[in-house]
Structure formats: C-alpha cells, structure tokens
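Residues in the sequence shown are numbered from 1 upward in steps of one, following the numbering used here.
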Amino acid sequence: MSHIRKIFRFVKPYWKPAILALVLLSTLVIFDLSIPRLIERVIDQGINQHNMQVVISTSALMIGLSLLSLLIALGNNLYSVRVGESVARDLREALFLKIETYSYGNLDRQKTGQLVVRLSSDVIAIRNVVQTTLRIGTRGPLLMIGSLILMINTSPHLALTMLPLLVVASILIVFFISRMEPLFLSVQQKLDRLNTVLQENIAGVRLVKSFVRADFEDERFEEANENLTQHYIRVMRFMSSNGPVLTMCINIGMVLVIYAGGLQSINGQMTIGQIVAFTNYLLTTMSPLIMLTMLSNTWAQAIASARRVDEIFETVPEVQDAPNAVALSTARDPERGEVVFENVSFSYSGDHSAAVLEGINLTAKPGQTVAILGATGAGKSTLIDLIPRFYDVTGGRILFDGTDIRKIKQESLLAQVGIVPQESVLFSGTVRDNIRYGRPEATDDEVIAAAQAAQAHSFIMAMPQGYDTHVEQRGANFSGGQKQRLAIARALLMRPRILILDDSTSSVDVETETLIQDALEELMHHSTSFVVAQRISTVLKADKIVVIDKGHIAAQGTHRELMQGSPIYREIYDSQLGSGVHLDEPLTAGSVTTGLTSTGEVQP
C-alpha cells in the first residue's frame, strides 16, 4: 500500500472535487440507509394498522429519495470521473517527463514495451482505482458501518447472532484481496513481455519479412500471448470463487435472521417491519462485502501497477548535474570548442575488467575535424557518446574548453553539440519541422540553407509539397540516404560548437558524400567536428585521424602520417582501396601490406 499512497499524491491538486464527490457519496449512503426504516414504517404503521395515508405518504417519500439519489449519484460520477481522468493525465505526463530524464544507461536496461505498459495499462489501472474509491469503493464501507449500527439499533440480540458470520465474511475478503495482488503483478509482467514482442515486431516488420521469419515471430508472439491468457484465466478463476462463497454467507445469514427473528416476533419482542428492516440491513451489510470483493481485483491490479509505476519514479538517472554545475556561454567564439580526453576509460557495467574503452588520450582543437576509424565493435560510437555525456566516464575525465564536462549543466552542454546518430530518426510532422527540431525558432531561409548544405534541398523540392511534405512514421516515405541527409541538416541548423557525425553518410553515394563534406568544411570551419566512419574516403581530409582498436587508440595523426607509421591504418586503407584483408577480419603480422612505394607515395 505504500506504493498506492505515493501515487495518491497526484490526487492532492484535485482535492476539492474529490471531497465534493465523497460528500455526495455520503449523502447517497444516508438515503440508502433510510429506505429500510421507511419500509418498516410502511409495514408496521401502514399495512398492519390499515392506514393507507401512511402507506401513500411513505411510498411517495421513498420515490422522492430515489429520484434525489439518482441526481446525487450522477453528480458523484461526474466529479469522480473528472478526478480520475485528471490524475491519469498528470501521472502519464510525470512518467513521460521522468523517462525523458533517464540516461542512456537507464534506457539500456528498460525495454520499450515495458515503458509503454507503464504509461498505458498501469496508468489506467491507477485511474480506475481512483474513480472506484470515489464511487463504489467508499460507498461500500460506509454502507457496511451504517448498516451494522442500524442492525444493532433494530435488534441488539439478533445483531449479536450475526456477528460470527460477518467476521467469517470479512476474513474471506481479506484472504481474497491478499492473494490477488501478486496474481495481478504476474499478469502485468506477462503483459510487459507481450508488448515487448509486439513493439519489436511492429518496428522491425520489414526485417522480419526480408528474412522470412514470420513463422518464428508468430511463435514468439503466440507464446507470450498464451502465457498472458493462462495467467489471466488463473486470476479470473480465483476471482470467480469470491462471489459464490460470500453469497452462501448471505443466504446463511438470511435463514438465521428469519428463524431467530421469527421466534422473537412470535414472543412479541420484534415486529414484522423490524424483521424486514433488519433483513434489508443485513443485505446492505453483506452486499457491499461482495461488491468490495469483486472490486478487489481493481485494487489488486492498482497496487501491482502502482509498484511498477513507482519503480519508474524511484529510478535515479545515472548521469546528473553536479550541485555546482555551470552553464556554458552561448556566444559564438571561434577560439572555443576544444575537447580533451585525459586517460579516459569506460565500461557499460561499471566493471573495470569489462572496459570498452581504456587509456584514451585525445585532444581536438577548436575548428578541427577529428575522424574516428576502426573495426566494428572497437568502441568508436562509445567514444563519441561520452562527449555529450550520454554516459559518464568510468575513469579519467573529458574537458570541454578546460572544464570537466561533469561540472557543466547537461542542457547547456547538449545545446553546444549537434549530433547525427547512426540510425537517423525522423518524427511525425513536416520535413520543415524535422529539420528545425533543435531550433524551432529558425527561419525558413535558415532551414533551406541547412538542407542545401546537407544535399537534401533537391529531393525535398522534388516532392509535391516540398518542405511541407508529411513525414510518415519512422520516416517510412524516405530512403535511408534521404533520412541521413535530413538528420545532417537538422544538426547543421543548430550551429553547434561541436558536431558529431556517427557514420552519418553511410547510406549516401560517394559523390553526394563529397558534396556534403565540402559543405561541412565551408559551414562548420568554426566548429570542432568528430566523424565516425567506415569508409576511409570519408576521413582522408580530416585534421586528425584516430584509429581505435579493441578499446585503445592504436594510432592518431593525418592520413600521410598514418600511412607512413601505422600498420593498422594501412591495413584498413588497403582493405578498402587496395588488396588487403577486410576491416573486420583479425589482423596478423603477415596480412599487413604497406600500400606505399619506395618513395613513400600511396600506390594507385
């Protein structure tokens, strides 16, 4: 319940309509409890006394109370729904904002399907319990308490007779509710698994088709779907036993009331009206018990969901601003933008024995272009992910203009960095909106200039709606090369002090890549650029080329310096432009070819 209490803080902003809903509900309970007394009056003072005036007036009063109860119930429902939906909206927003603060490390350990369930199914479960509490969930206990008091008032002796039965029924309810919460937690976990498989397949449907793996994915989904179904059947089977057991308790209670009350009536200790009223109060006491038991699934599901939602709120982002973090100046200064790696090491698990990068020492001067080259899995992308603090270094430090980036506010640092990731991501909206995603205030002329530099303007204008062309989900109406160029335009528009291109021209032809490089050289000469590349033709003009091998810097320098002094670089060069081995093959001493003439010139 501690998780539920934490979640209920979202109800506080709506305490006024919540209190009003409870006041209306309390009034409704009073009206409900008055009906058996009025029935007693009709029988004892009306029918038994042959007084039709009492019968008619009391019946009219009962009808009036019923109509008034209808209006009160509608008002209660209105305010309950308003509070419940408002809480759900705020909770979804808070969860979304919390997830937005997650670091890459946090997201690496959270599956997308699980996060989607937290924001959808779990929030709905909490919304339902809020609405239920303000409607039926509070009405049941109030009716039980009021009915017990009136039962004792009607016949203390008969109420004492019913006490053991009520105790047994209460124990049964506690048992059912305590067993349901872990059952629903298991159901939500199975739903996580189902949503994960579903999300992966929807996102990768083209890959599934291209590899003819539909049958395999069908089996995965069927297994997850069947597990969810079987768990839910188990829950519903358990829940279905609640009602019959408690109904049996009610029937036993009715028999006891009729027998014991009949004996008292024969002895002149109770009237028939009192027996009827007592029977109604017994039903009013037991019926909420059944109602609460049937609603216990809502509470159990909400408790399980609240625990899972609370996990999101309690997750601490791995990358956070230091207490004394400073903001970077936004002024354009060509003398600023230096990035220095000082003995940097990094491990995704935090274990030094599993380091992905180790002993990295690298300096990028303002305005320089630094190319990162190496085999797949060597640590190239990891290296550049450390610059904007997507991850924090495990050892050493990274300096930005002489300041440790861990002492710079994250938003301030990211505002200085333009990134084009390996997988170009486009959002729903227009082409124009996607290009100025990082600078919403950018003018149309600036958008066009960035698109021209990224060699995207021509294909954009070839579309019927030009820059107002709608981008379909995940950019499905654009080719891989077009998406990459749009992503480059988006980064250029930010005018970043640091530009990071993570293999961002892999899907474009060599001619287009050359045009993009020329434009970048012209536009970004005041920015420090890091270029991760697989094609060596991409890095030939770089001011500094860094060769990464198994998490270490194997060599760094210009193209000519590395051709003369780095066997690994020559191996890469020959594998792409000469006759050497492929980049991802293991290097051996005998496999290295120099690629140089006796005068040191590059062979054609």
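All C-beta atoms, glycine included, are put in the ideal place defined by N, C-alpha and C.
{"Check": "Residue from Leu22, Glu40, Ile516 and Glu423 whose Cα sits closest to the Cα of Asp502", "Outcome": "Glu423"}
{"Check": "Counted within 10 angstroms of its Cβ, other Cβ atoms place His50 as buried (16 or more) or exposed", "Outcome": "exposed"}
{"Check": "Proximity winner among Ile233, Glu200 and Asn267, relative to Arg220 (alpha-carbon distances)", "Outcome": "Glu200"}
{"Check": "Leu194 classed as buried or exposed, judged by whether at least 16 other C-beta atoms fall within 10 angstroms", "Outcome": "buried"}
{"Check": "Sub-8 Å separation of Val235 and Phe184 beta-carbons", "Outcome": "yes"}
{"Check": "First and last residue of the uninterrupted beta strand (DSSP E) at Leu142", "Outcome": "It is not in any beta strand (DSSP E) - Leu142 instead sits in the alpha helix (DSSP H) that spans Thr138 to Thr154."}
{"Check": "Coarse secondary structure for Ile536, derived from DSSP in three states", "Outcome": "helix"}
{"Check": "Simplified DSSP assignment, three categories, for Arg213", "Outcome": "coil"}
{"Check": "Span of the beta strand (DSSP E) around Arg397", "Outcome": "Gly395 to Phe400"}
{"Check": "With 16 other Cβ atoms within 10 Å as the buried cut-off, status of Lys380", "Outcome": "buried"}
{"Check": "C-beta atoms of Gly551 and Ala378 nearer than 8 Å", "Outcome": "yes"}
{"Check": "Strand pairing of Phe530, partner residues [DSSP]", "Outcome": "Val370 and Ile500"}
{"Check": "Span of the beta strand (DSSP E) around Phe341", "Outcome": "Val339 to Phe346"}
{"Check": "Euclidean distance between Cα positions of Ser579 and Val425", "Outcome": "Interpretation of Ser579 is limited by its pLDDT of 49, a score under 50 that renders its predicted location unreliable; no figure is taken from the coordinates."}
{"Check": "Beta-ladder partner(s) of Val471, from DSSP", "Outcome": "Gly429"}
{"Check": "Asp44 versus Ala18: straight-line alpha-carbon distance, rounded", "Outcome": "40 Å"}
{"Check": "C-alpha distance - Phe346 paired with Gly418, whole-angstrom precision", "Outcome": "22 Å"}
{"Check": "Asn361 - containing beta strand (DSSP E), residue span", "Outcome": "Leu357 to Ala364"}
{"Check": "Coarse secondary structure for Ile408, derived from DSSP in three states", "Outcome": "strand"}
{"Check": "Secondary structure of Ile548, DSSP reduced to three states", "Outcome": "strand"}
{"Check": "Whole-number beta carbon distance between Ile545 and Ala554, since they are thought to touch under 8 Å", "Outcome": "Ala554 to Ile545, Cβ: 11 Å. No contact."}
{"Check": "N- and C-terminal bounds of the alpha helix (DSSP H) containing Ile39", "Outcome": "Trp15 to Arg41"}
{"Check": "Buried or exposed (CB count within 10 angstroms, at least 16 for buried), Tyr259", "Outcome": "exposed"}
{"Check": "Cross-strand partners of Ala607 (DSSP beta bridge)", "Outcome": "Since the displayed the chain opens at 1 and closes at 604, residue 607 lies outside it and no answer follows."}
{"Check": "Coil, strand or helix - Leu583 by DSSP", "Outcome": "Below a pLDDT of 50, predicted positions are generally treated as unreliable, and Leu583, at 40, falls in that range; no measurement from the model is reported."}
{"Check": "Ranges of the alpha helix (DSSP H) found wholly within the region 428-462, counting only runs of at least 4", "Outcome": "431-435, 444-453 and 457-461"}
{"Check": "Nonlocal neighbours in the same chain, by C-beta distance under 8 Å from Asp321, ignoring five residues either side", "Outcome": "Lys409 and Gln410"}
{"Check": "Burial state of Phe175, where buried means 16 or more other Cβ atoms lie within 10 Å", "Outcome": "exposed"}
{"Check": "Start-to-end residues for the beta strand (DSSP E) that takes in Ile419", "Outcome": "Val417 to Val420"}
{"Check": "Closer than 7 Å: Ala533 CB and nearest the ligand GDP heavy atom", "Outcome": "This structure does not include the ligand GDP; it has no bound ligands of any sort."}
{"Check": "Cβ contact check for the region 66-83 and the region 27-38: 3 or more pairs under 8 Å", "Outcome": "yes"}
{"Check": "Which listed residue (Ala94, Leu38, Leu24 and Glu100) has its alpha carbon closest to that of Tyr79", "Outcome": "Leu24"}
{"Check": "DSSP state of His3 mapped onto helix, strand, coil", "Outcome": "helix"}
{"Check": "Alpha-carbon spacing of Ala451 relative to Val87, whole angstroms", "Outcome": "43 Å"}
{"Check": "Lys380: first and last residue of the uninterrupted alpha helix (DSSP H) it sits in", "Outcome": "Lys380 to Asp385"}
{"Check": "Whole-Å CB distance - Val11 paired with Val130, under 8 Å assumed", "Outcome": "6 Å"}
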